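Colleague: First, the structure itself, so that you have it in front of you.
Numbering (the working numbering), first residue to last: 6 to 515.
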């Protein structure tokens with residue numbers, strides 16, 4: 006166990022990031038090269054080993070956090086690595102990308118600072134990799150059943166790895182030229198270096214998972230070109246299909262001037278930047294170099310755009326958030342252990358603040374229109390303050406912000422509507438615009454037996470930790486469908502949602 010008095014005598018001390026000036030000069034991870042182990046072991050000793058570990062409830066994967074904290078506190082890295090992988094296929098991703106709702110659910114946060122769970126998680130997986138613990142786990146026997154997984158994001162990869170290890174023949178179909186989905190082209194290199202993803206894919210190949218790239222299942226326009234696969238034919242060839250294509254339908258900003266050059270969707274911009282890092286291009290066709298950049302949208306994608314723009318040499322970067330500025334602590338509507346909307350600084354905000362001396366975000370404001378020059382290129386953005394509830398513009402608050410590049414990071418509204426995948430598989434939409442499914446991840450409507458929906462395609466845009474949890478749970482549902490029973494874990498049901506003060510928990514009601 007951990008030190009029973011550790012939480013009383015050891016203060017919280019997160020792993021420090023590299024200096025702003027240093028990390029803005031490269032694309033390496035923000036925390037790359039830091040001395041982690043002594044600090045992490047000491048921080049893991051702060052875990053209270055509480056009787057009811059609410060960190061489990063905050064994490065949809067049900068990660069065994071007190072257990073691997075105890076092993077990390079005693080520097081038993083192999084045991085910690087094994088307990089971490091017992092519930093998480095890709096802790097190298099969650100340890101870097103997840104916003105750590107487990108920390109906000111930590112019992113210590115009732116009146117103190119949470120355990121640095123995310124830092125401990127990343128240190129365990131990285132140390133395990135350094136020591137050679139990441140080895141393939143091929144199945145002992147094969148079932149003779151075939152499964153097609155459409156999409157290679159975290160949900161699709163998690164489902165594929167679980168089903169392969171259960172003995173099924175799994176092929177992952179990805180329309181892009183590389184495997185990884187948003188982990189490949191949506192997440193910047195400075196948040197997660199792609200070598201971590203490549204290593205995990207090689208492990209899966211060694212276990213028996215087959216990957217096919219450049220395979221646009223359903224076709225971009227439903228006509229099934231030569232580079233695509235007919236989804237209905239794929240279903241007939243396979244015993245089951247898992248649809249894990251994500252929520253790629255991007256939200257738009259229908260205001261005057263949207264047609265001007267220099268206004269792009271955030272994912273278009275991030276994909277171009279990642280292709281440069283992959284070596285496909287010498288320079289990005291959409292660059293922030295020498296430009297005033299405005300990011301419309303206050304979420305994580307906007308933060309990723311900010312860090313990318315700063316590294317590309319933007320003159321200035323401003324991020325617009327339509328929501329009011331959060332306070333520093335929980336409100337009565339967000340009691341422990343729910344994940345609260347508090348004032349948070351991402352590494353990109355810290356970089357912009359380090360360079361400009363202030364928070365680059367403008368809260369409670371909305372875009373009114375764009376202004377262009379004679380060549381039809383955007384040169385300014387007109388915005389105004391908005392009311393906190395109705396979000397309607399407040400008269401007399403209009404201002405102009407210079408903008409040579411505008412990035413729309415407004416989120417997503419379900420799976421992409423273009424293409425023939427939905428029609429060919431007989432999928433239906435739910436009331437939120439996602440693919441409908443029952444509690445066991447099976448596609449709803451009865452028109453597509455043997456078809457399952459996992460991840461953001463059925464849930465809507467969410468966190469990487471939810472995507473992996475859904476992939477694991479969907480794999481258990483598929484295994485049961487194919488064999489009549491399963492020993493695979495199912496950490497969530499399809500309709501589970503994060504904890505809220507008045508809403509439903511994974512384990513029932515408050």
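Here a beta-carbon is modelled for each residue, glycine too, at the ideal position from N, C-alpha and C.
Small disclaimer: the values here were computed from a predicted structure and weren't measured.
In three-state terms, what does DSSP make of residue 9?
Modeller: By one-based count along the chain shown, residue 9 stands at place 4. Looking at residue 9 - three-state DSSP - the assignment turns out to be coil, as it is neither helix nor strand.
Colleague: Compute the Euclidean distance between the alpha carbons of residue 258 and residue 376, then round it to the nearest angstrom.
Modeller: The residue labelled residue 258 in the question sits at position 253 within the chain shown. The residue labelled residue 376 in the question sits at position 371 within the chain shown. Going from the Cα of residue 258 to the Cα of residue 376 covers about 14 Å.
Colleague: What separation, rounded to the nearest whole angstrom, lies between the Cα atoms of residue 205 and residue 294?
Modeller: For this step, residue 205 is matched to residue 200 along the chain shown. For this step, residue 294 is matched to residue 289 along the chain shown. Distance between the alpha carbons of residue 205 and residue 294 is about 33 Å.
Colleague: Would residue 504 and residue 345 qualify as a contact pair, given that the criterion is a beta-carbon distance under 8 Å?
Modeller: In the chain shown, the residue the question calls residue 504 occupies position 499. In the chain shown, the residue the question calls residue 345 occupies position 340. Not closer than 8 Å, so no.
Colleague: Going straight from the alpha carbon of residue 479 to that of residue 169, what length do you get?
Modeller: Position 474 of the chain shown, counted from the start, is the residue given in the question as residue 479. Position 164 of the chain shown, counted from the start, is the residue given in the question as residue 169. Approximately 13 Å, taken between the alpha carbons.
Colleague: Exposed or buried, which one is residue 311 when buried takes at least 16 other CB atoms within 10 Å?
Modeller: Within the chain shown, numbered from 1, the residue matching residue 311 stands at position 306. So residue 311 ends up on the buried side.
Colleague: Residue 398 bridges to which residues according to DSSP?
Modeller: Residue numbering aside, residue 398 sits at position 393 when the chain shown is read from its first letter. In the DSSP output, where bridge partners are listed per residue, residue 398 has 391.
Colleague: Look up residue 70 in the DSSP assignment and say whether it is helix, strand or coil.
Modeller: For this step, residue 70 is matched to residue 65 along the chain shown. Looking at residue 70 - three-state DSSP - the assignment turns out to be helix.
Colleague: Does the Cβ of residue 372 lie closer than 7 Å to at least one heavy atom of the ligand SAH?
Modeller: Only the bare structure without any ligand can be found here, which leaves the ligand SAH out of the picture.
Colleague: In terms of residue numbering, what span does the beta strand (DSSP E) encompassing residue 446 cover?
Modeller: Looking up residue 446 in the chain shown gives position 441. Per DSSP, residue 446 lies in no beta strand (DSSP E) segment and is marked neither H nor E.
Colleague: DSSP beta-bridge partners for residue 245?
Modeller: Indexing the chain shown from 1 puts residue 245 at position 240. Looking at the DSSP assignment, residue 245 forms a beta bridge with 152.
Colleague: Determine the DSSP secondary structure at residue 370, reduced to helix, strand or coil.
Modeller: The count along the chain shown starts at 1 and reaches residue 370 at position 365. In this structure, residue 370 counts as strand in the three-state DSSP scheme.
Colleague: Report the residue from 123, 187, 92 and 421 whose alpha carbon sits nearest the alpha carbon of residue 105.
Modeller: Position 100 of the chain shown, counting from 1, holds the residue named residue 105. Nearest of 123, 187, 92 and 421 to residue 105, Cα basis: 123.
Colleague: Applying the criterion that 16 or more other CB atoms from any shown protein chain within 10 Å of the CB defines a buried residue, is residue 336 buried or exposed?
Modeller: If you number the chain shown from 1, residue 336 lands on position 331. Exposed, since its Cβ has fewer than 16 Cβ neighbours within 10 Å.
Colleague: Where does residue 485 fall in DSSP's three states?
Modeller: For this step, residue 485 is matched to residue 480 along the chain shown. DSSP, reduced to helix, strand and coil, places residue 485 within a helical segment of the structure shown.
Colleague: Under three-state DSSP, which class holds residue 201?
Modeller: In the chain shown, the residue the question calls residue 201 occupies position 196. The answer is helix: DSSP assigns residue 201 an H, G or I state.
Colleague: Can you check whether the CB of residue 179 is closer than 8 Å to the CB of residue 218?
Modeller: Numbered from its first residue, the chain shown carries residue 218 at position 213. Numbered from its first residue, the chain shown carries residue 179 at position 174. Yes, they are a contact pair.
Colleague: What are the residues that DSSP puts in a beta bridge with residue 175?
Modeller: For the purposes of this step, residue 175 is identified with residue 170 of the chain shown, where counting begins at 1. Its beta-bridge partners are 152.
Colleague: Please report the residue range of the alpha helix (DSSP H) in which residue 130 lies.
Modeller: Within the chain shown, the letter at position 125 stands for residue 130. Secondary structure note for residue 130: its alpha helix (DSSP H) is the uninterrupted segment 122 to 135.
Colleague: Where does residue 216 sit, in a helix, a strand or coil, going by DSSP?
Modeller: Taking the chain shown and counting its residues from 1, the one referred to as residue 216 is at position 211. Strand.
Colleague: Whole angstroms is fine: what's the gap from residue 302's alpha carbon to residue 268's?
Modeller: Within the chain shown, numbered from 1, the residue matching residue 302 stands at position 297. Within the chain shown, numbered from 1, the residue matching residue 268 stands at position 263. Just so you know, the alpha carbons of residue 302 and residue 268 end up roughly 13 Å apart.
Colleague: For residue 209, does the count of other Cβ atoms within 10 angstroms reach 16, so buried, or fall short, so exposed?
Modeller: Translated into positions along the chain shown, residue 209 becomes position 204. So residue 209 counts as buried.
Colleague: Please determine, among 483, 412 and 338, the residue with the shortest C-alpha to C-alpha distance to residue 174.
Modeller: As a position in the chain shown, residue 174 is number 169, starting the count at 1. That would be 483, whose Cα lies nearest to the Cα of residue 174.
Colleague: Applying the 10 Å Cβ sphere with the 16-neighbour rule, what's the burial state of residue 64?
Modeller: To locate residue 64, count along the chain shown from 1; it is residue 59. Burial call: buried.
Colleague: Across the segment 156 to 164 and the segment 115 to 133, are there enough close Cβ pairs to call them in contact, namely three or more that are closer than 8 Å?
Modeller: Cβ pair count under 8 Å is below three, so no.
Colleague: For residue 131, is the classification buried or exposed, using 16 other Cβ atoms within 10 angstroms of its Cβ as the cut-off for buried?
Modeller: As a position in the chain shown, residue 131 is number 126, starting the count at 1. The residue in question, residue 131, is buried, as its Cβ has 16 or more Cβ neighbours within 10 Å.
Colleague: Nearest-angstrom Cα distance between residue 444 and residue 408?
Modeller: The residue given as residue 444 occupies position 439 in the chain shown. The residue given as residue 408 occupies position 403 in the chain shown. Going by the C-alpha atoms only, they are around 46 Å apart.
Colleague: Using the Cα positions of residue 469 and residue 98, report the straight-line distance between them to the nearest angstrom.
Modeller: For the purposes of this step, residue 469 is taken as residue 464 along the chain shown, with counting starting at 1. For the purposes of this step, residue 98 is taken as residue 93 along the chain shown, with counting starting at 1. Residue 469 and residue 98 have their alpha carbons spaced roughly 8 Å apart.
Colleague: Helix, strand or coil for residue 206? Go by DSSP, reduced to three states.
Modeller: Translated into positions along the chain shown, residue 206 becomes position 201. Helix.
Colleague: Is DSSP giving residue 384 helix, strand or coil here?
Modeller: The sequence position of residue 384 within the chain shown is 379, counting from 1. It is a strand residue.
Colleague: Would you be able to state if there are at least three C-beta pairs under 8 Å between the segment 419 to 435 and the segment 238 to 249?
Modeller: The segment 238 to 249 and the segment 419 to 435 touch, with no fewer than 3 CB-CB distances between them shorter than 8 Å.
Colleague: If you draw a straight line from the alpha carbon of residue 232 to that of residue 255, how long is it in whole angstroms?
Modeller: Counting from 1 along the chain shown, the entry for residue 232 is found at position 227. Counting from 1 along the chain shown, the entry for residue 255 is found at position 250. With a pLDDT of 48 at residue 232, under the threshold of 50, the modelled position of this residue cannot be trusted; read the value that follows with caution. Roughly 24 Å between the two C-alpha positions.
Colleague: Have a look at residue 437 and residue 499 and give me their C-alpha separation to the nearest angstrom.
Modeller: The count along the chain shown starts at 1 and reaches residue 437 at position 432. The count along the chain shown starts at 1 and reaches residue 499 at position 494. Spanning the two alpha carbons is a distance of roughly 14 Å.
Colleague: How many Å lie between residue 78 and residue 387 at the Cα?
Modeller: Taking the first residue of the chain shown as 1, we reach residue 78 at position 73. Taking the first residue of the chain shown as 1, we reach residue 387 at position 382. Straight-line Cα distance between these residues: approximately 53 Å.
Colleague: Quick check: residue 322 and residue 315, are their CB atoms within less than 8 Å of each other?
Modeller: By 1-based counting over the chain shown, the position of residue 322 is 317. By 1-based counting over the chain shown, the position of residue 315 is 310. Yes; because the gap between Cβ atoms is below 8 Å, this pair is in contact.
Colleague: By the DSSP assignment, the alpha helix (DSSP H) with residue 315 in it spans what residues?
Modeller: If you number the chain shown from 1, residue 315 lands on position 310. That run of the alpha helix (DSSP H) goes 305 to 317.
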